[in-house]
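Notes for the one structure printed next.
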Amino acid sequence: MESLLAGLVGLPLAVSLLLLILPRQLAKWMVIAAAIILSILSVFAYANTNSAVGITLPHYINEVVAGADLLLLLFFGWIAIKRKSILVGLLTMLQLGGLVYLLNNMPATAAPQLMVDELSAFMFILINVISGIIAIYSLRYIEEEPCSPFRKKYFLSIIFWFIGAMNLVVCADNLEYFFLFFELTTLASFLLISFRQDAESRANAITALWMNQVGGLAILGAIFFLLRSGSGEASFSNLLALAPAGGLLLPLALLSMAALIKGAQLPFSSWLLGAMVAPTPVSALLHSSTMVKIAPFMILRLSPALKDTPLASAIIALTAFVFIAAAVGALAQDNFKRILAHSTIALLALMIMMGALGTPVTVVASLALMLFHGISKSMLFLNAGILERVFHLKNTSDMDRLGESGPFTALVTTIGFMSLLLPPFGAFIGKWLSIETLGSYAVDARLLGAFTLIAVVCGSAVLTLLYTKVIGLLIARSGEHDRVQFEKTGKTYTGTIYALLALIALSIFGLPLLLTHFFAPVAAAASAQDVTVMIKGWSIFVDTMKLPVLPPLIAFFLLPAAIIAAMFIHFRHVDRTREYMCGEKVNYSFSSFYLTADKATPYAITIGVVLFGALLVAALI
Amino acid sequence: MSHTFIAIILIILAPFLGGLVYGLERVIRARMQRRIGPPVLQPFYDFLKLADKRRMVVHSAHAFLGIMHFVSLWYALGVFLLGGDLILVIFLHLLYTALIILAGYSTRSIFSHLGANRTALSIIAYEPVLILIAVSMYMITGSFEASAAFHHPQPLLYKMPLAFVALLLVLPIKLKKSPFDVAEAHQEVTGGVELEFSGIYYEAVYTAKWLDYIFSYTLVYLFAGSNILLGIGLMLFTFIYLNALDNATARVNYKQMLRFSLGVSFSLAFINLLINSLS
């Protein structure tokens, strides 16, 4: 395991450095090779993990980590001065103070600093496979970016560094280590968001920085309160071991807050929305396999301790609200990437909520959503990049002729949306599991449960409408274009899209197998309880819940298959006719309806702040 | 066993029964206006006439989506009548409606687009209420299965009267009856999404509307539990109420519809849910 982990961390970091010096052509092959090797390593790591393995690092690493922490904070301080951001400066000072205090008061411990368990291994697969595909895609995307050759290399370099940092985050057990890795991802995202170096990028990067720094500060706070309570070392495993004792809600609440901020939940959603000024592969990375996925990961990690506490109720209330608010917010958007961003926030809320509920079924649902959302979202963002680069389209309202000029891109984008929406795609199953569990939660927790259930179901309905609206524009055409002719967008683009399509196909056909052999063991490890997933006849049993297989299977042939078939079908011996215009000859621009949610945004943020406060209140009472 | 048998018969006959409901509706509405009205079988005569028309499509995908709308609606109805999971039924219902909206968007026709937009807004108006009803039923019967509601010994109506009122208030939206027929609104958007369908392809959309009747009346029947007589009574009442309402009111615009539905109907269903969850 140690060697695998060394590979998973060392390889991306080494590639990250080499990319800066190697010539272009060689760099290209190295990126592809590294992406493939990382994917294989992650699968190996998963196959070799059957229990939590603690990894004790030599003592001098502690000093290295402490040094890196200080260096990082000095760098943040330098950014604060350079960009004249008082907020970043203030947060850096606070972090620095907290860190120095903790370093002086941290009791020496011989406990393993890293720990790889099934959940970490699951995250390895999510991070490395999807980020690898995105890295390959970036090769082509960044070629067309108007910037110096060095900055192109630099871009790829940070992507690999990001992957390395992510691999570290998911296996950190010691909270001080976790703080460093957490802030390393913050730094990577800061550098990527400010990549284009214009005023907007810089401003949004600063927003992302300070918001995530609040998260870092919350982690330091968690360490502080954990040490002060005198319950031993500051690590995830210790926190979980102590969980039944209670009285640890404050550190848990602070860690959850850090998670929620990383997961761009209201009121901290603006950093993720602002992040899309960066080149599109960055959005793909942030939204699908890295960064925001730290949020559900952390909550899942803590879920045995969180389960059934008032804190969990507070998290559930917050995420239920975020789910519906983000879904409604998405309906108000026209920009393609903004639509995707809002739907990411909504689905993250669902994943976090399921993690906080912590029953076997919800943990399975959360994992399924994490993986399938990662696949679908990365594909949609990669398509957004193609739409920008090849078709010069950014807004959905301009896409109504895409079905004629770029039917292939239109088709795969449609499939991407459907995979987030329709049965029997994995994301649908995840949502279904969520809703059915919330039903029993509604009976147990009464008012909160009912509220949560309604928020989730209505939110899902709103998201369905949103996706329908976009798909509608993508499939529009006129009678003259009744036969489709696929366009060519380039090898790298098509190749990566095909890879993701294959993963989506896997998520459909392999779903029963994935549920029993992939999600169930991971969920059992994460929730520290037995999770049984069985297939009996035409039903899948997840714990006590029975999911019929046949209805969603038939629905597949009726819905997604029908929409895909509609792209190809061609009725012969039938006359074509023009649309009925009521005798008018005006040029009509086709647009769709939008909800104007701008007026509601301040209220949504206020409610978000109140619910965030409720987290602390729930912990203190 | 006999329940399943009845359900299967109902599913097979659903388009025919729906056509009859539509025929009866036209007679009742005419009588309310002191007209004689068409024969009860008029929808079927129309059906035969449409089959004979020249075949024309705007483009193939559009016509195909119309057909799939009908097929998936029939399927959703099947799952519903066989006592399937209500959440699944509501989602399938949402999705078959999404297919007709997609068909509307897929053409470059103004009225088709407007109709699709309005259908989508109608979904926002009635879907939350349907969901609240399903959740309330879950809290009473302890299961999301529709069969649990069909077999519930005590009529659900007694425990969720406000939810029933809410259903009555959103049904006109679903069935495109005045005052909430904005999605179809012949005088404004000349039929909306239906407009670009013709001949044999219109047949699918036309009969889908009949299936929607059966779907809606099954929703009403759910409130009677295992009490068949009450169920029939509720359906009859709803039938007369819908037609009287259709005759007596003028169309509102979509904003008023949304405001009313989310303000009044949703609140009613929600209050009912609160009472259920607190008692």
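Chains as they are written, first to last, in our numbering: chain R, 1 to 621; chain U, 1 to 279.
Backbone N, C-alpha and C fix where the C-beta goes; we use that ideal spot for every residue, glycine too.
Suppose you measure from the CA of L211 (chain U) to the CA of A14 (chain U); what does that come to, to the nearest Å?
As a working note, residue 211 (chain U) is residue 211 in the second sequence. As a working note, residue 14 (chain U) is residue 14 in the second sequence. When rounded, the distance between both Cα atoms is 6 angstroms.
Between the CA atoms of I504 (chain R) and S120 (chain R) - distance to the nearest angstrom:
Mapped onto the first sequence, residue 120 (chain R) falls at position 120. Mapped onto the first sequence, residue 504 (chain R) falls at position 504. C-alpha separation (whole angstroms): 22 angstroms.
Taking CB distances under 8 angstroms as the criterion, tell me whether V574 (chain R) reaches chain U.
To locate residue 574 (chain R), count along the first sequence from 1; it is residue 574. So yes, V574 (chain R) belongs to the interface.
Tell me the residue span of the beta strand (DSSP E) that contains F541 (chain R).
As a first step, residue 541 (chain R) is located in the first sequence; it is residue number 541 there, counting from the start. Here the beta strand (DSSP E) through F541 (chain R) covers 539-542.
Assuming contact is defined by CB atoms lying nearer than 8 angstroms, are S378 (chain R) and S288 (chain R) in contact in what I supplied?
Your numbering for residue 378 (chain R) matches position 378 in the first sequence. Your numbering for residue 288 (chain R) matches position 288 in the first sequence. Closer than 8 angstroms, so yes.
Is there a C-beta anywhere in chain U that falls below 8 angstroms from the one on L348 (chain R)?
The residue labelled residue 348 (chain R) in the question sits at position 348 within the first sequence. Chain U contact via Cβ: absent.
Is it true that the segment 129-148 of chain U meets the segment 71-90 of chain U, where meeting means three or more beta-carbon pairs spaced less than 8 angstroms apart?
Flag = yes, the segment 129-148 of chain U and the segment 71-90 of chain U touch.
Please decide whether F122 (chain R) counts as near chain U, where near means a Cβ-Cβ distance under 8 angstroms.
Translated into positions along the first sequence, residue 122 (chain R) becomes position 122. The beta carbon of F122 (chain R) sits no closer than 8 angstroms to any beta carbon of chain U.
From the beta carbon of E394 (chain R), is the nearest beta carbon of chain U less than 8 angstroms away?
As a working mapping, residue 394 (chain R) is identified with position 394 in the first sequence. In the sequence as presented, Glu is not what sits at residue 394 (chain R); that position holds Lys. Residue-level contact check: K394 (chain R) does not touch chain U, since none of the beta carbons of chain U fall below 8 angstroms from its beta carbon.
Under 8 angstroms, Cβ to Cβ, is there at least one residue of chain U near I672 (chain R)?
Missing from the structure shown is residue 672 (chain R); chain R here goes from 1 to 621 and no further.
For P310 (chain R), which three-state DSSP category applies?
For the purposes of this step, residue 310 (chain R) is taken as residue 310 along the first sequence, with counting starting at 1. Looking at P310 (chain R) - three-state DSSP - the assignment turns out to be helix.
Relative to the C-alpha of A622 (chain R), which candidate in R:S397, R:H373, R:L340 has its C-alpha closest?
Not covered by the structure: residue 622 (chain R). The range shown for chain R is 1 to 621.
So the beta strand (DSSP E) G54 (chain R) belongs to, where does it begin and stop?
Numbered from 1 along the first sequence, position 54 holds the residue referred to as residue 54 (chain R). G54 (chain R) -> beta strand (DSSP E) spans 53-55.
For the segment 148-224 of chain U, list the alpha helix (DSSP H) runs that are entirely contained and at least 4 residues long, ordered along the chain.
Those alpha helix (DSSP H) runs which fall completely within the segment 148-224 of chain U and span 4+ residues are 161-174, 186-189, 199-222.
Let me see if you follow: with CB-CB separation under 8 angstroms, is I415 (chain R) close to chain U or not?
Counted from its first residue, the first sequence places residue 415 (chain R) at position 415. No, I415 (chain R) does not count as interfacial toward chain U.
C-beta atoms of L195 (chain U) and G66 (chain U) nearer than 8 angstroms:
As a position in the second sequence, residue 195 (chain U) is number 195, starting the count at 1. As a position in the second sequence, residue 66 (chain U) is number 66, starting the count at 1. Their beta carbons are not under 8 angstroms apart, which means L195 (chain U) does not touch G66 (chain U) by this criterion.
Between U:F215, U:P38, U:F111, U:T97, which has its C-alpha nearest A120 (chain U)'s C-alpha?
Counting from one through the second sequence, the residue named residue 120 (chain U) turns up at place 120. Considering only alpha carbons, the answer is U:T97.
Rounded separation between D246 (chain U) and L99 (chain U) - CA only
To locate residue 246 (chain U), count along the second sequence from 1; it is residue 246. To locate residue 99 (chain U), count along the second sequence from 1; it is residue 99. About 26 angstroms.
By the 9 angstroms beta-carbon criterion, what residues does the segment 39-62 of chain U contribute toward chain R?
R54, R55, M56, V57, V58, H59, S60, A61, H62
Please decide whether L369 (chain R) counts as near chain U, where near means a Cβ-Cβ distance under 8 angstroms.
For the purposes of this step, residue 369 (chain R) is taken as the residue at position 369 of the first sequence. Answer no: the Cβ-Cβ gap between L369 (chain R) and chain U never drops below 8 angstroms.
Give the straight-line distance between the Cα atoms of L318 (chain R) and L254 (chain R), rounded to the nearest whole angstrom.
For the purposes of this step, residue 318 (chain R) is identified with residue 318 of the first sequence, where counting begins at 1. For the purposes of this step, residue 254 (chain R) is identified with residue 254 of the first sequence, where counting begins at 1. Those two C-alpha atoms are separated by around 15 angstroms.
So, are the CB atoms of A218 (chain R) and F321 (chain R) less than 8 angstroms apart?
Counting from 1 along the first sequence, the entry for residue 218 (chain R) is found at position 218. Counting from 1 along the first sequence, the entry for residue 321 (chain R) is found at position 321. It is not a contact, given that the beta carbons lie outside the stated cut-off.
Distance, Cα to Cα, N253 (chain U) vs F266 (chain U)?
In the second sequence, residue 253 (chain U) corresponds to position 253, counting from 1. In the second sequence, residue 266 (chain U) corresponds to position 266, counting from 1. Using only the alpha carbons, I get a separation of about 18 angstroms.
Is C171 (chain R) close to chain U, meaning its C-beta is less than 8 angstroms from at least one C-beta of that chain?
The residue labelled residue 171 (chain R) in the question sits at position 171 within the first sequence. Interface residue (Cβ-Cβ distance to chain U less than 8 angstroms): C171 (chain R) is not classified as such.
Selection of the segment 531-558 of chain R by Cβ proximity to chain U, strictly under 7 angstroms
P551, I554, A555, L558
Output the distance between the C-alpha atoms of V15 (chain R) and K153 (chain R), rounded to the nearest integer angstrom.
As a position in the first sequence, residue 15 (chain R) is number 15, starting the count at 1. As a position in the first sequence, residue 153 (chain R) is number 153, starting the count at 1. Rounded to the nearest angstrom, the two C-alpha atoms are 11 angstroms apart.
Compare the Cα-Cα distances from M353 (chain R) to each of R:Y441, R:R578, R:I540, R:E2 and report the closest residue.
Translated into the one-based positions of the first sequence, residue 353 (chain R) becomes position 353. Out of R:Y441, R:R578, R:I540, R:E2, R:Y441 has the C-alpha closest to the C-alpha of M353 (chain R).
May I have a chain-ordered list of the alpha helix (DSSP H) segments no shorter than 4 residues that lie completely inside the segment 360-389 of chain R?
360-389
Would you please verify whether the beta carbon of V71 (chain U) is less than 8 angstroms from any beta carbon of chain R?
Mapped onto the second sequence, residue 71 (chain U) falls at position 71. Yes - at least one Cβ of chain R is within 8 angstroms of the one on V71 (chain U).
Can you check whether the C-beta of M257 (chain U) is within less than 8 angstroms of a C-beta belonging to chain R?
Residue numbering aside, residue 257 (chain U) sits at position 257 when the second sequence is read from its first letter. Closer than 8 angstroms: no.
So is L195 (chain U) in contact with chain R if we call contact Cβ pairs under 8 angstroms?
Within the second sequence, the letter at position 195 stands for residue 195 (chain U). With 8 angstroms as the cut-off, L195 (chain U) counts as an interface residue toward chain R.
Per DSSP, L114 (chain R) forms a beta bridge with which residues?
Within the first sequence, the letter at position 114 stands for residue 114 (chain R). Answer is R:I55, R:A172.
Counting pairs of Cβ atoms below 8 angstroms between the segment 485-504 of chain R and the segment 77-86 of chain R, do you hit three or more?
No, because fewer than three Cβ pairs between the segment 485-504 of chain R and the segment 77-86 of chain R fall closer than 8 angstroms, the two stretches do not touch.
Does DSSP put L103 (chain R) in a helix, in a strand, or in coil?
The residue labelled residue 103 (chain R) in the question sits at position 103 within the first sequence. Helix.
If you reduce the DSSP assignment to three classes, tell me which class R26 (chain U) lands in.
To locate residue 26 (chain U), count along the second sequence from 1; it is residue 26. In this structure, R26 (chain U) counts as helix in the three-state DSSP scheme.
Checking contacts by CB at 8 angstroms: is G84 (chain U) closer than that to chain R?
The count along the second sequence starts at 1 and reaches residue 84 (chain U) at position 84. G84 (chain U) has a beta carbon lying within less than 8 angstroms of a beta carbon in chain R.
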